[in-house]
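Structure, as structure tokens:
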Amino acid sequence: MDPIQLKIFIEALKTGDTRKAGELVEKMSTESEYHKGYRKALAGMVASVENKEASALATKMLSGSLTKKKMDEERKLSRRIAQETFRPAFERGYEKAWYDVLSIFLGKTKVGLEAHMESELY
Numbered sequence: 008m009d010p011i012q013l014k015i016f017i018e019a020l021k022t023g024d025t026r027k028a029g030e031l032v033e034k035m036s037t038e039s040e041y042h043k044g045y046r047k048a049l050a051g052m053v054a055s056v057e058n059k060e061a062s063a064l065a066t067k068m069l070s071g072s073l074t075k076k077k078m079d080e081e082r083k084l085s086r087r088i089a090q091e092t093f094r095p096a097f098e099r100g101y102e103k104a105w106y107d108v109l110s111i112f113l114g115k116t117k118v119g120l121e122a123h124m125e126s127e128l129y
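Mapped onto the working numbering, the consecutive letters of the sequence shown carry residue numbers 8 to 129.
Right, here's the structure in full:
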């Protein structure tokens, strides 16, 4: 998913707008197993927020009950798994989605104006 669309997806989940988040997921490509895995991860995030699953990683992340350190550990683990070529494409896509979401959520990936503003301020 495009980083700007992913940022919109995260913002929709933060505000509890699972309909909007779900619509963004539905528009995603399913042309490959990798894309199907990516989409499955995002759909799972929507479902966990929609169902208020307190033990789900997405719900914990959005509610603030996870520390930044724990989220960064999860992000690094997802990146490692996504890069392991022996893993099925579906699994790599799934983990890449988590890596992308956590990176944007933690501010590790700057999106839209954020990417340009920092360099102008300093």
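The beta carbon of each residue, even a glycine, is placed where N, CA and C say it ideally should be.
Check your understanding: Is it right to say ARG26 is buried, meaning 16 or more other beta carbons lie within 10 angstroms of its own, or is it exposed?
Key -> exposed
Exercise for review: Could you pull out every residue in the same chain whose Cβ sits closer than 8 Å to the Cβ of ARG82, ignoring the five residues on either side in sequence?
Suggested key: TRP105, TYR106, LEU109, SER110, LEU113 and LYS115
Practice item. Please confirm if the region 24-38 is in contact with the region 47-58, defined as three or more CB-CB distances below 8 Å between the two stretches. Key: At 8 Å Cβ cutoff, the stretches touch.
**Study point:** Burial state of LEU128 (16 or more Cβ within 10 Å)
**Key:** With a pLDDT of only 45 at LEU128, under 50, the local geometry of the prediction cannot be trusted, and no value is derived from it.
Point to revise | Terminal residues of the alpha helix (DSSP H) in which ASP9 lies | key: Annotation: ASP9 is outside any alpha helix (DSSP H) and is labelled neither H nor E by DSSP.
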